[in-house]
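Using our numbering, read the sequence shown as starting at 126 and increasing by one per residue.
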Amino acid sequence: MATAPALRTFILTRDGVITAAQAREQGLSRASVARRVKSGEWVRASSGVYRLADHPVTARTRTRLATLQVSADAVLSGLAAAWWHGLVTKRPTTITVTAPRSWHGSPEKGTVVIRRSLDAADVVVEKGLTVTAVPLSVLEGAVEGKMDVLDRALQNKKVTVDALLETYQRRRRCRGATEMAKMLVLVGSGARSAAERLTVKLFAEHDIAGWVANHPVSGYEIDFAFVGRKVAVEIDGMAHHRDAEAFQHDRTRRNTLIALGWTVLNFTWADLVERPGYVASQVRRATV
C-alpha cells in the first residue's frame with residue numbers, strides 16, 4: 126500500500142485527481158477512499174473520480190476531471206488534446222472527449238462527447254491522461270479551431286506531413302475527414318497551385334474581376350495583379366514552408382513593388398480558408 130506522502134505525490138502528478146481504479150492500484154480499499162472523502166481530504170467529483178480538496182482547480186484539473194467523468198475509457202480529443210500536448214496556448218472553452226460507442230450519458234456543461242472507436246496508433250497517455258496522439262490532435266484541433274494549429278505544429282516540428290497523412294488515411298471515412306483533406310492539400314507539394322485555385326474561386330464567388338495571375342513586374346511575379354489600379358494581391362505561404370531566405374525574398378519583392386507605386390495586399394492561407402469575406406472586402410476596397 127502506498128504511504129501517504131507517496132500517494133499524495135501520485136495524485137499531484139495528475140493535477141490533484143485520482144480515480145477509484147487508480148486508488149485500488151495504490152493499495153487503497155473502498156473504505157479508505159470513503160474515509161478520505163468523509164474527512165474532507167478528498168472531494169468526490171463524480172462517480173469513481175476524486176480530487177484533493179486542497180489542490181487548486183486549475184485548467185488542467187478541470188480538463189482531467191471532465192474527461193474522466195465521461196468514462197474511465199474516455200479519450201481527450203480535438204483542440205483540447207492539442208492544448209494538452211502544448212500545441213496551442215489557450216484551453217478551449219468547450220472540450221471534446223471521445224467515449225466508447227457503448228457509452229450512454231449526459232455530458233457535463235462545456236464538454237462535447239463523441240462516441241466512436243479510435244485506432245490504437247491514434248491514442249497515447251500523456252501526463253497520466255489518455256488523449257489522442259499528436260497527429261490526430263493537430264488535424265482535429267485545426268478542424269475544430271483554426272488552420273493555424275496545423276501550420277504552427279509543422280513549423281515547430283511537433284509533427285510531420287507524413288504523420289498527418291498516415292493519420293488521415295486511418296480517419297478518411299470518419300468525422301471531419303473532408304475538412305482534413307482540404308487542409309492537407311494546402312500543406313503538400315501542390316500548395317502553390319492550391320492557393321491559386323482557392324483565390325480564383327474566392328474572386329469568382331465575390332464577383333471580383335479585372336485581375337491577372339502571375340503578372341511580371343521588375344523581375345518578380347505578382348500572384349494576382351489588378352494592373353490598372355496597381356494593386357498586388359500576394360498569398361503568403363504556410364509558415365512551415367518558409368525559411369529565412371524565402372522570407373527575405375518576399376520582403377524585398379514587397380518593398381520593390383511599393384517603391385514602384387503598387388499597393389500590396391498580403392493574405393495568409395488562414396485568410397483564404399477561414400476569412401474569405403475579409404479578403405474580398407479588402408481587395409474590393411483597394412481596387413475601386
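Idealized CB from N, CA, C, for every residue including glycine.
All of these numbers come straight from a predicted model, not from anything done at the bench.
Going by beta carbon distance, what residues of the same chain come within less than 6 Å of I347, once the five residues before and after it are set aside?
Locating residue 347 in the sequence shown gives position 222, counting from the first residue. Taken in chain order, the residues that qualify are H340 and A357.
Could you pull out every residue in the same chain whose Cβ sits closer than 8 Å to the Cβ of R379, ignoring the five residues on either side in sequence?
Numbered from 1 along the sequence shown, position 254 holds the residue referred to as residue 379. If we look at R379 and ignore the five residues flanking it on each side, its Cβ neighbours are E359, V389 and N391.
Along the chain, where does the alpha helix (DSSP H) containing T221 start, and where does it finish?
Here the question's residue 221 lines up with position 96 in the sequence shown. Under the DSSP assignment, T221 falls outside any alpha helix (DSSP H), being part of the beta strand (DSSP E) whose first and last residues are I220 to A224.
Quick one: is E265 buried, meaning 16 or more other Cβ sit within 10 Å of its Cβ, or exposed?
One-based indexing of the sequence shown puts residue 265 at position 140. By the 10 Å Cβ count, E265 comes out buried.
Whole-angstrom distance between L254 and V162, CA atom to CA atom:
Here residue 162 corresponds to residue number 37 of the sequence shown, with the count starting at 1. Here residue 254 corresponds to residue number 129 of the sequence shown, with the count starting at 1. Going from the Cα of V162 to the Cα of L254 covers about 23 Å.
Can we say the segment 273 to 290 touches the segment 231 to 246, given the rule of at least three CB pairs closer than 8 Å?
no
Compare the Cα-Cα distances from Q294 to each of D247, H180 and I333 and report the closest residue.
Counted from its first residue, the sequence shown places residue 294 at position 169. It is D247.
Just the C-alpha distance for H365 and R169, rounded to the nearest angstrom, thanks.
As a working mapping, residue 365 is identified with position 240 in the sequence shown. As a working mapping, residue 169 is identified with position 44 in the sequence shown. For H365, the predicted model reports a pLDDT of 49, less than 50, meaning its position is unreliable; a value from the coordinates is still stated below. Cα atoms of H365 and R169: separation of roughly 45 Å, rounded to the nearest angstrom.
On the three-state DSSP scale, how would you describe A207?
Taking the first residue of the sequence shown as position 1, residue 207 is located at position 82. Here A207 sits in helix by DSSP.
Under DSSP, the alpha helix (DSSP H) around R410 begins and ends at which residues?
Along the sequence shown, read from residue 1 onward, the residue named residue 410 stands at position 285. Taken as a continuous stretch (DSSP letters only), the alpha helix (DSSP H) holding R410 covers P401 to T412.
Could you pull out every unbroken alpha helix (DSSP H) segment of at least 4 residues lying fully inside the segment 328 to 362, listed in chain order?
none
Identified DSSP bridge partners for N391
Position 266 of the sequence shown holds residue 391. Answer by DSSP bridge pairing, in chain order: E359.
Quick one: what's got a C-beta closer than 8 Å to Y345's C-beta in the same chain, skipping five residues either side?
Indexing the sequence shown from 1 puts residue 345 at position 220. Closer than 8 Å at Cβ, skipping near neighbours: R378, T381 and L382.
Can you list, in chain order, the residues of its chain with a C-beta nearer than 7 Å to that of A148? Leave out the 5 residues immediately preceding and following it.
Numbered from 1 along the sequence shown, position 23 holds the residue referred to as residue 148. Hits under 7 Å: V158.
Nonlocal neighbours in the same chain, by C-beta distance under 7 Å from G141, ignoring five residues either side:
Here the question's residue 141 lines up with position 16 in the sequence shown. Here the set comprises R176, L177, H180 and T186.
Per-residue DSSP class, three states only, for T214
Here residue 214 corresponds to residue number 89 of the sequence shown, with the count starting at 1. Of the three classes helix, strand and coil, the one that applies to T214 here is coil, per DSSP.
According to the neighbour-count rule (16 or more other Cβ atoms, all chains shown, within 10 Å of its Cβ), is R410 buried or exposed?
In the sequence shown, residue 410 corresponds to position 285, counting from 1. Flag for R410 reads exposed.
My output table needs one value for S154: the three-state DSSP class, helix, strand or coil.
Working through the sequence shown from its first residue, we reach residue 154 at position 29. Coil.
Less than 8 Å separating the beta-carbons of T144 and V182?
If you number the sequence shown from 1, residue 144 lands on position 19. If you number the sequence shown from 1, residue 182 lands on position 57. Contact flag unset, no.
Taking 6 Å as the limit between beta carbons, can you name the residues of its chain near V268, skipping five residues before and five after?
The residue given as residue 268 occupies position 143 in the sequence shown. Around V268: G301 and E304.
For E304, which of helix, strand or coil comes out of DSSP?
Position 179 of the sequence shown, counting from 1, holds the residue named residue 304. In the structure shown, E304 sits in a helix (DSSP, three-state: H, G or I).
Does V213 pass the burial test, meaning 16 or more other C-beta atoms within 10 Å, or should it be called exposed?
Indexing the sequence shown from 1 puts residue 213 at position 88. V213 comes out buried.
Mind pulling the beta strand (DSSP E) runs of 3 or more residues that sit fully within the segment 232 to 315?
Taken in chain order, the complete beta strand (DSSP E) segments of 3 or more residues contained in the segment 232 to 315 are 236 to 240, 248 to 251 and 254 to 257.
Rounded C-beta distance between A320 and V274? I'm assuming under 8 Å.
The sequence position of residue 320 within the sequence shown is 195, counting from 1. The sequence position of residue 274 within the sequence shown is 149, counting from 1. V274 and A320 do not touch by the CB rule: their CB atoms are close to 19 Å apart, not below 8 Å.
By the 10 Å Cβ neighbour count, where 16 or more other Cβ atoms means buried, how is S231 classified, buried or exposed?
On the sequence shown, residue 231 is found 106 positions in, with the first residue counted as 1. With fewer than 16 other Cβ atoms within 10 Å, it is exposed.
Please identify the residue among P260, V408, S262 and K355 whose C-alpha is closest to the C-alpha of T329.
Along the sequence shown, one-based indexing puts residue 329 at 204. In the sequence under discussion, the amino acid at residue 329 is Ala, which differs from the Thr named in the question. Minimum Cα distance to A329 is reached at V408.
N-terminal and C-terminal residue of the beta strand (DSSP E) that V168 is part of
Taking the first residue of the sequence shown as 1, we reach residue 168 at position 43. W167 to S171 is the span of the beta strand (DSSP E), which, as asked, contains V168.
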